[in-house]
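Input: a single structure, listed below in structure tokens.
In full-length UniProt numbering, the protein residues as written are 1 to 287.
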């Protein structure tokens, strides 16, 4: 989780702040009852020191910290630990793995959801709805998420493209219509080919969205909108699973918003589609 991950990065904090964090983590179930003065007395610090620590955690103050900290602690109860550790090792029996993977995917969705800005989502959905075509830019595993989403968008009458080859994606950026919108998927925010493509899109003034955990990345500086997706750094921390789950959830939310905006028109088209291909009883039905 975002806050707990930051709190675990000792290099960010001085010795006093590390001591306060250690106390908070050891007394996580009691924090909801502590005022800032209570916590300062128990940690032999001052309210001002705790307030500065909250700001260093990119929070508005102690009240904001308590809300987010308690929320994240409650959501890790199924895991028994934050997602920053090794969730799966050689010590895990199958029943434990079943529970932990479910909890990890739920956590990835919850963290991504909690960072969503409703007004930004509404603005983005309107831009996508008005776009002539939705162009995806992604490589490796991210491409297959883009391909699946492009197919889903086609089902709700949105023209969408997800090219596999790098040269096709470059040409797509160079030649796409000015009224298109670009969606870029990147876990690191530093993929060289995507940076090239984002520069092309920015030069051509094409609206672009970046789905990534890397807010301060090179890609984030080049795109029109940044959308935070949950992640953790290490492969053995299930980072790839967490990121993929968060990306799919974000794109599914956007898909659902577009479906909601155009529901009756889409329903009419889908009914026509079903009439052409037949209902489920037809042996030639495609799914």
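In this text, a Cβ means the ideal position worked out from N, Cα and C, and glycines have one as well.
Below 9 Å between beta carbons: does that hold for residue i and residue j?
i           : j           : result
residue 181 : residue 122 : no
residue 108 : residue 255 : no
residue 240 : residue 124 : no
residue 183 : residue 149 : yes
residue 130 : residue 179 : yes
residue 293 : residue 217 : Residue 293 lies beyond the residue range present for the chain, which begins at 1 and ends at 287; the question has no answer from this structure.
residue 199 : residue 222 : yes
residue 212 : residue 201 : no
residue 209 : residue 138 : no
residue 29  : residue 73  : yes
residue 7   : residue 57  : yes
residue 70  : residue 40  : no
residue 16  : residue 45  : yes
residue 230 : residue 118 : no
residue 12  : residue 115 : no
residue 203 : residue 5   : no
What does DSSP give as the partner residues of residue i in its beta bridges?
i           : result
residue 161 : 135
residue 228 : 212
residue 182 : 135, 208
Output needed for residue i: all residues of its chain with C-beta closer than 7 Å, excluding positions within five of it in sequence on either side, in chain order.
i           : result
residue 266 : 156, 157, 259
residue 61  : 51, 54
residue 97  : 88
residue 172 : 135, 161, 163
residue 127 : 181, 207
residue 197 : 137, 169, 170, 173
residue 10  : 18
Which same chain residues end up closer than 6 Å to residue i when comparing Cβ atoms and leaving out the 5 residues on each side of it in sequence?
i           : result
residue 238 : 87, 104
residue 43  : 20, 23
residue 251 : 149
residue 257 : 125
Leaving out five residues on either side along the sequence, give the residues of the same chain with a beta carbon under 8 Å from the beta carbon of residue i.
i           : result
residue 141 : 240, 244
residue 92  : 100
residue 37  : 47
residue 132 : 159, 177, 179, 180
residue 25  : 7
residue 49  : 16, 17, 20, 40
Nearer than 8 Å: is that true of the beta carbon of residue i relative to any heavy atom of the ligand ATP?
i         : result
residue 4 : By its list of ligands, the structure shown contains no ligand whatsoever, and the ligand ATP lies outside what it can speak to.
Item to check | Inter-stretch contact at 8 Å, needing at least 3 Cβ pairs: the region 151-165 / the region 185-198 | outcome: no
Next on the checklist: Quick check for students: name the residue ranges of the alpha helix (DSSP H) that lie wholly in the region 58-117, counting only runs of 4 or more.
Outcome noted: 62-75, 94-114
Next on the checklist: Can you confirm whether the region 18-36 touches the region 83-102 when touching is taken to mean that 3 or more C-beta pairs between the two stretches lie within less than 8 Å?
Outcome noted: no
Item to check | Cβ contact check for the region 240-256 and the region 136-155: 3 or more pairs under 8 Å | outcome: yes
Next on the checklist: Could you tell me which whole beta strand (DSSP E) segments of length 3 or greater appear in the region 240-274?
Outcome noted: none
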